Amino acid sequence: MKITKKLWQDNYEIALLSLNTKFVQGLKNGSLPKNIFQEYLAQDYFFLETFAKAYGLAVSKSKDKYSIRKLSELLMGVSEELILHETYAKEWDIDLSNNYIKKATKNYTDFLDDTSKRLSSVEIMFAMTPCMRLYSWIGKSLYKEDFDIKYKEWIITYSDESFEKLADSLENLIETNKETYDINQAKYLYRKAMELELDFFNAYSDF
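Each position in the sequence shown, counted from 1, maps to that position plus 51 in our numbering.
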């Protein structure tokens, strides 16, 4: 079994908790207040900027051309996601240049920042892949059900096959580097990222 699949299974209960947060269910049924979605988008934009920087550091620490190429492609995927958030910001009247970083966002960005500066390229990937897989899984889970049109763009974006392919690409890249990491470190990084994702969603569930 692939290590990323095993880690996903080991942390599936956190994925379910994330799916069932009031925030995610509010995206599905349209009950999420507009102001909370606006705040979430702004904070997620800040997070994605750190995510992009982590990809950049993973590229700089990679020792083979294949990893460099694949990570660069994934970095482009995040760049496109940032552009999408900027489009959302205009539609939802959000000023991305005038905001503050909330505690849940800072905890996650600090974790990614520390990991990407201190650890190896593949270890950085272990800290990043939970976000990709979780968002794809949540998007597909919501898309399978009846959902309100209010936040349909978000659901359609993350349920799309193109986003799942990005998640697959990162997981497959980890598999090509399976001899270069400590399994206990990998387990810690993966679970910590999953926990921080749950905290992030919970930060927007108070309504």
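Ideal placement from N, C-alpha and C gives every residue a C-beta, glycine not left out.
Computed from a predicted structure; not experimentally measured.
Spatial neighbours of residue i within its chain, please: CB distance less than 6 Å, with the 5 preceding and 5 following residues excluded, ordered by chain position.
| i | result |
| --- | --- |
| residue 94 | 153 and 156 |
| residue 83 | 77 |
| residue 74 | 252, 255 and 256 |
| residue 231 | 173 |
| residue 218 | 183, 184 and 187 |
| residue 258 | 84 and 87 |
Taking the alpha carbon of residue i as the point to measure from, which residue in the options has its own alpha carbon closest?
| i | options | result |
| --- | --- | --- |
| residue 199 | 65, 52, 141 and 76 | 76 |
| residue 212 | 231, 187, 205 and 73 | 187 |
| residue 239 | 174, 120, 134 and 136 | 174 |
| residue 129 | 236, 216 and 67 | 216 |
| residue 81 | 201, 244, 241 and 226 | 201 |
| residue 53 | 99, 228 and 163 | 228 |
| residue 177 | 191, 197, 162 and 190 | 162 |
| residue 87 | 108, 230 and 143 | 143 |
| residue 224 | 250, 109 and 169 | 109 |
| residue 103 | 134, 85, 258 and 116 | 134 |
| residue 196 | 72, 79, 67 and 71 | 79 |
| residue 344 | 118, 206, 233 and 218 | Here the chain has residues from 52 to 258 only, and residue 344 is not among them. |
Closer than 8 Å to a non-hydrogen atom of the ligand FAD - does that hold for the CB of residue i?
| i | result |
| --- | --- |
| residue 164 | The ligand FAD is not part of this structure, which contains no ligands at all. |
Quick check: residue i and residue j, are their CB atoms within less than 9 Å of each other?
| i | j | result |
| --- | --- | --- |
| residue 222 | residue 101 | no |
| residue 126 | residue 136 | no |
| residue 179 | residue 62 | no |
| residue 241 | residue 99 | no |
| residue 124 | residue 220 | yes |
Mind reading off the beta-carbon distance from residue i to residue j? Whole number of angstroms is fine, and I expect it under 8 Å.
| i | j | result |
| --- | --- | --- |
| residue 210 | residue 193 | 7 Å |
| residue 105 | residue 167 | 4 Å |
| residue 112 | residue 172 | 4 Å |
Can you list, in chain order, the residues of its chain with a C-beta nearer than 7 Å to that of residue i? Leave out the 5 residues immediately preceding and following it.
| i | result |
| --- | --- |
| residue 248 | 69, 181, 182 and 185 |
| residue 65 | 245, 246 and 249 |
| residue 121 | 220 and 224 |
| residue 243 | 162 |
| residue 72 | 252, 253 and 256 |
| residue 2 | With the chain covering only 52 through 258, there is no way to say anything about residue 2. |
Which same chain residues, not among the five before or five after residue i, have their C-beta less than 8 Å away from its C-beta?
| i | result |
| --- | --- |
| residue 145 | 89, 92, 93 and 139 |
| residue 97 | 150, 152, 156 and 160 |
| residue 204 | 139 |
| residue 226 | 53, 54 and 55 |
| residue 208 | 135, 190 and 214 |
| residue 164 | 101, 104 and 105 |
| residue 158 | 247 and 250 |
Cβ of residue i less than 9 Å from any chain C Cβ?
| i | result |
| --- | --- |
| residue 142 | In summary, chain C is missing from the structure at hand, where a single protein chain is found. |
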